[in-house]
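These protein sequences, in sequence, are chains A and B. Residue numbers for the first sequence follow the working numbering, beginning at 6 and rising by one. Residue numbers for the second sequence follow the working numbering, beginning at 174 and rising by one. In what follows, a structure is listed as structure tokens, so that the remarks can point back to it.
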Amino acid sequence: MIPAAFDYIRPSTVEDAVNALADAGEEGKVLAGGQSLLPVLRLRLAAPALLVDLGGLSQLRGIREDGDMLVIGAMTTHAELAASSVPLLAQVAATVGDRQVRHRGTLGGSLSHADPAGDLPTAAVALDAQMVLAGPHGRRTVAASDFFVDLFTTALAPDELLIEVRVPKLQGWQTHYTKVGRTAQAWATVAVAAAVRRENGSIAQARVALTNMGPTPVRASAVEQALAGVAVDGDAIAAAAAHAAEGTAPASDTTASAEYRSHLAKVLTRRALLAAVGR
Amino acid sequence: MSGLFEEIHEQPAADVPTRRVSITVNGDKRVAQVEPRLLLAHLLRQGLKLTGTHTGCDTTNCGACTVLFDGKPIKSCTMLAVQADGHEVTTVEGLAGASELHPIQEGFKDEHGLQCGFCTPGMMLAAKALLEENPDPTEDEVRWALSGNLCRCTGYQNIVKSVMWAAKKMQAQSAS
Ligand SMILES: Cc1cc2nc3c(=O)[nH]c(=O)nc-3n(C[C@H](O)[C@H](O)[C@H](O)COP(=O)(O)OP(=O)(O)OC[C@H]3O[C@@H](n4cnc5c(N)ncnc54)[C@H](O)[C@@H]3O)c2cc1C
Chain A
6 MIPAAFDYIR PSTVEDAVNA LADAGEEGKV LAGGQSLLPV LRLRLAAPAL
56 LVDLGGLSQL RGIREDGDML VIGAMTTHAE LAASSVPLLA QVAATVGDRQ
106 VRHRGTLGGS LSHADPAGDL PTAAVALDAQ MVLAGPHGRR TVAASDFFVD
156 LFTTALAPDE LLIEVRVPKL QGWQTHYTKV GRTAQAWATV AVAAAVRREN
206 GSIAQARVAL TNMGPTPVRA SAVEQALAGV AVDGDAIAAA AAHAAEGTAP
256 ASDTTASAEY RSHLAKVLTR RALLAAVGR
Chain B
174 MSGLFEEIHE QPAADVPTRR VSITVNGDKR VAQVEPRLLL AHLLRQGLKL
224 TGTHTGCDTT NCGACTVLFD GKPIKSCTML AVQADGHEVT TVEGLAGASE
274 LHPIQEGFKD EHGLQCGFCT PGMMLAAKAL LEENPDPTED EVRWALSGNL
324 CRCTGYQNIV KSVMWAAKKM QAQSAS
């Protein structure tokens, strides 16, 4: 399968990339690691006239500290993230696809693609990540909860780039990602990201986000509320996890029914929380 | 004409953009003029006649087209040739020395690591990347590292044995 013809540029500055996208209008498309876009082009589900390859923007690759935050460049690959010590995101990136995909696919690409089964969008929502976007009129920051708008739809305008992702260092937090898929390289049927901060033997604060329980990643707010202030104890965690499917809208598809997904959400929330607190 | 047949290359239509790429393939610098939509797998197979790189599924799932890109395994059906410009690519043709098989190739021969052989080049390159990173892997680590490579003969058992065989041989070689 061969994509329809397109023109291609590999700019070396964010400004050049953004200007090229603005000039191309609806006909332009960003290329990052290509692990989602190239399959789409090969199937001719899309046929952009211009691909703007971010592969030349080495300034968008890597992780730096900024006070209490870690700033991750959009072109950082899943493999690089998996080898880092970024809380939650490192573990999540290691579960994406297979080794070949992780060497090419990028954090920015995963977030911009916004697949409901994507793992990194859920981690971003769990961490209250901030997305830094660059467009022809400058930069703006969008909270993860506002970034994911719908199935494969984000707050990005066609002439905007996601350039970096800011996440809290989460010192003193414990995190875990639990994912269930049918095979070793499969996408998540359902997955759960959990982060817990303890104080004096009880849970002071918890963040729980769900993968593939609706068109976008969602926070399990009812679970988070039920956990606030409770003892770090298997029964209390199980009772809170029983709320995991509340307010969600999982799809039924060839992999699983909505009922099964709701069941998985509860089981995996309990497991993720227990793993996070080391039980 | 030097034979019964000589391929005539049609000039691309004037409005089709092309790019010049320079890629080091198995140690040799190769320069080509390509359409941006040309996949690396197709450049290797049809352009450079390195047909050891197989294209199996065309959906980025099977891993038969795995090559090493700057030493790391990638699926060459999911990279444009223009993205490889200025980089190094190793294909299965680059594994063997002048007169000797690579220990991974020997391992696949010795342990019957192939039936139809279609997935074998990708398997061997994924294994090479693993053994460079982790010379003494456990069986589980081998299986995990090969999880992006599918064998439709389902000969995984012997594939894993082949990689373990190669790991032993390569360790013995580097010890001596
Ligand atoms: C076999 C296989 C298994 C996979 N398994 C998983 C899995 O288990 N979990 C998972 O989460 N993902 C999985 N993926 C998808 C993988 O995570 C992709 O890498 C990711 O979805 C896209 O990242 P990319 O860098 O390759 O982006 P690309 O494919 O290059 O781009 C994807 C989309 O995002 C846009 N885009 C990319 N970067 C930017 C940017 N910086 N700013 C604005 N727009 C941008 C592109 O225009 C395009 O629309 C899998 C993929 C494959 C092929």
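Ideal Cβ positions, reconstructed from N, Cα and C, are used throughout, including at glycine. Since the structure is predicted, the reported quantities are computational estimates derived from the model, not experimental observations.
Range of the contiguous beta strand (DSSP E) that encloses residue i
i                     : result
residue 213 (chain A) : 207 to 216
residue 173 (chain A) : 166 to 173
residue 5 (chain A)   : Nothing in the structure corresponds to residue 5 (chain A), since chain A is present only between 6 and 284.
residue 55 (chain A)  : 55 to 58
residue 12 (chain A)  : 12 to 14
residue 196 (chain A) : 195 to 204
Selection from the options that minimises the alpha carbon distance to residue i
i                     : options                    : result
residue 286 (chain B) : B:212, B:238, B:324, B:223 : B:324
residue 20 (chain A)  : A:135, A:59, A:218         : A:59
residue 335 (chain B) : B:319, B:347, B:349, B:348 : B:319
residue 151 (chain A) : A:80, A:166, A:134         : A:134
residue 124 (chain A) : A:109, A:196, A:42         : A:196
residue 132 (chain A) : A:179, A:254, A:49, A:39   : A:179
residue 206 (chain B) : B:212, B:193, B:197        : B:193
residue 239 (chain A) : A:216, A:32, A:279, A:40   : A:279
residue 89 (chain A)  : A:174, A:72, A:26, A:48    : A:174
residue 10 (chain A)  : A:204, A:52, A:221         : A:52
residue 227 (chain A) : A:252, A:216, A:204        : A:252
residue 66 (chain A)  : A:99, A:217, A:17          : A:17
residue 8 (chain A)   : A:26, A:44, A:258, A:30    : A:44
residue 273 (chain A) : A:257, A:248, A:256        : A:248
residue 328 (chain B) : B:309, B:304, B:281, B:314 : B:281
Which of helix, strand or coil DSSP assigns to residue i
i                     : result
residue 156 (chain B) : Coverage of chain B is limited to positions 174 through 349, which leaves residue 156 (chain B) absent and any answer about it impossible.
residue 33 (chain A)  : strand
residue 140 (chain A) : strand
residue 252 (chain B) : coil
residue 239 (chain B) : strand
residue 274 (chain A) : helix
residue 315 (chain B) : helix
residue 219 (chain B) : helix
residue 354 (chain B) : A question about residue 354 (chain B) goes unanswered here, because the residues of chain B that appear run from 174 up to 349.
residue 178 (chain B) : coil
residue 230 (chain A) : helix
residue 236 (chain A) : strand
residue 266 (chain A) : helix
residue 189 (chain B) : coil
residue 282 (chain A) : coil
residue 245 (chain A) : helix
residue 148 (chain A) : strand
N- and C-terminal bounds of the alpha helix (DSSP H) containing residue i
i                     : result
residue 248 (chain B) : Note, residue 248 (chain B): premise wrong, no alpha helix (DSSP H); beta strand (DSSP E) at 245 to 248.
residue 333 (chain B) : 329 to 348
residue 127 (chain A) : 124 to 131
residue 200 (chain B) : First-last for residue 200 (chain B): undefined, no H or E at that position.
residue 154 (chain A) : Taken as a continuous stretch (DSSP letters only), residue 154 (chain A) belongs to no alpha helix (DSSP H), being part of the beta strand (DSSP E) at 153 to 155.
CB contact flag (residue i, residue j, <7 Å)
i                     : j                     : result
residue 266 (chain B) : residue 199 (chain B) : yes
residue 104 (chain A) : residue 294 (chain B) : no
residue 214 (chain A) : residue 224 (chain A) : yes
residue 250 (chain B) : residue 214 (chain B) : yes
residue 271 (chain A) : residue 246 (chain A) : yes
residue 2 (chain A)   : residue 189 (chain A) : Any property of residue 2 (chain A) remains undetermined from this structure, which presents chain A solely from 6 to 284.
residue 119 (chain A) : residue 81 (chain A)  : no
residue 248 (chain B) : residue 233 (chain B) : yes
residue 107 (chain A) : residue 38 (chain A)  : no
residue 139 (chain A) : residue 168 (chain A) : yes
residue 237 (chain B) : residue 277 (chain B) : no
heavy atom of ligand 3 below 6 Å from residue i C-beta
i                     : result
residue 221 (chain B) : No copy of ligand 3 appears in this structure; the ligands present are ligand 1.
Under 9 Å by beta carbon: chain E residues contacting residue i
i                     : result
residue 190 (chain B) : No chain E appears in the structure shown, which is made up of the protein chains A and B.
Which full runs of the alpha helix (DSSP H) of 4+ residues lie inside the region 24 to 111 of chain A, going along the chain? 42 to 47, 83 to 87, 94 to 98, 104 to 109
Inside the region 258 to 305 of chain B only - alpha helix (DSSP H) runs reaching at least 4 residues: At a cut-off of 4 residues, the continuous stretches assigned as alpha helix (DSSP H) that sit fully inside the region 258 to 305 of chain B are 276 to 283.
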